[in-house]
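Just so you know, we're using full-length UniProt numbering here: the sequence shown kicks off at 1 and counts up by one.
To keep things clear, I will list the structure first and then write my remarks on it.
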Amino acid sequence: MLTALADAPRHGYAILQEVLAITDGRTRMLTGTLYTALDRLLQQGLIRVDHEEVVNGRLRRSFALTEQGQETLAGELRRLRAGADEAERRLALGGFRPALGLNGGTA
Numbered sequence: 001m002l003t004a005l006a007d008a009p010r011h012g013y014a015i016l017q018e019v020l021a022i023t024d025g026r027t028r029m030l031t032g033t034l035y036t037a038l039d040r041l042l043q044q045g046l047i048r049v050d051h052e053e054v055v056n057g058r059l060r061r062s063f064a065l066t067e068q069g070q071e072t073l074a075g076e077l078r079r080l081r082a083g084a085d086e087a088e089r090r091l092a093l094g095g096f097r098p099a100l101g102l103n104g105g106t107a
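Listed below in structure tokens is the structure:
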């Protein structure tokens, strides 16, 4: 969800759609799960309400990353990248050479 908010503020439905796009459809969130997670991220100070508007008589809140949220996402990126690098290193030690590297190039 933090990745879905990294480049622009989004409202709930747009976050759901962005998560689907980012994960090539592998992660589908239920609405209840989304709003529970948004409440938790708000409480943790990782996101903030960017703005609110009324659409079709209903309040729509858009969310954005806070500085702490950006730092948390950057830390998670470093952790995931280190894990992927280690997996790639170990596969190479075992003689496995993937057709495509993790960065999209050929190995």
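Note that beta-carbon positions come from the ideal geometry of N, C-alpha and C, so glycine has one too.
All of these numbers come straight from a predicted model, not from anything done at the bench.
In the structure shown, the three-state DSSP call for D24 is coil.
At a Cβ-Cβ threshold of 7 Å, E52 and L59 count as neighbours. The three-state reading of DSSP puts D85 in helix, counting H, G and I together. In chain order, T66, Q68 place their CB closer than 7 Å to the CB of G45, counting only its own chain and leaving out the 5 sequence neighbours on each side.
DSSP places R90 in the helix class (H, G or I) of the three-state scheme. If you look at A64, you'll find it isn't in any alpha helix (DSSP H); it sits in the beta strand (DSSP E) that goes 58-65. In the three-state reduction of the DSSP assignment, D50 falls in the strand class.
Annotation for V19: M1, A4, T27, M29 place their beta carbon closer than 7 Å to its own, counting only its chain and skipping 5 residues before and after.
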